Amino acid sequence: MMLLPAAFAQNNVNQPANTYSLEDCIRIALETNPQVKQAELQVQSDNNIYQQSKWQRFPSVSFSAGQGFSFGFFPNFGGMYVHCKLPFRRSDLSWMPLV
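Position one of the sequence shown corresponds to residue 37 (our numbering), numbered consecutively onward.
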C-alpha cells in the first residue's frame, strides 16, 4: 500500500511544470540579464550626452535684473549726513559666443 503513492509521486517529479521554447528562453534571458540592462542604460546615458552636446553649438545668452532700496545716512554735497532711502537697479546681460 505504501508503494502506490510513491509511484505516483515519482511520475509527477519527472513531468516538467512548464515547457519553454528557445525563443521564450532567449527573451527571458535578455529581460533578466543584469549585463544587458546595464548596457541599455549606458546607451541611454550616451544618447543624453550626445543630445546635450548638440546644444553647445549655439551661443548662450542670459539676462538678470534686480531692484532694491538702500536705507541709511549718506553724506550730501554740503558735508552733512542725511537720512534717505536710495533706490538702485541692477541688470546684467551676458553673452557667450561660439568658439
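The beta-carbon is built from N, C-alpha and C at its ideal position, and this holds for glycine as well. Computed from a predicted structure; not experimentally measured.
For residue i, which residues from the same chain have a beta carbon less than 8 angstroms from its beta carbon, with the 5 sequence-adjacent residues on both sides left out?
{"i": "G102", "result": "R125, R126, S127"}
{"i": "L66", "result": "V72"}
{"i": "N30", "result": "The chain is shown from 37 up to 135; residue 30 falls before or after that span and cannot be answered."}
{"i": "D82", "result": "none"}
Hey, could you find the ends of the alpha helix (DSSP H) residue i is sitting in?
{"i": "R93", "result": "Where R93 is concerned, there is no enclosing alpha helix (DSSP H), given that its DSSP letter is neither H nor E."}
{"i": "A65", "result": "58–68"}
Would you kindly check if the distance between the Cβ of residue j and the Cβ of residue i is under 8 angstroms?
{"i": "S130", "j": "S98", "result": "yes"}
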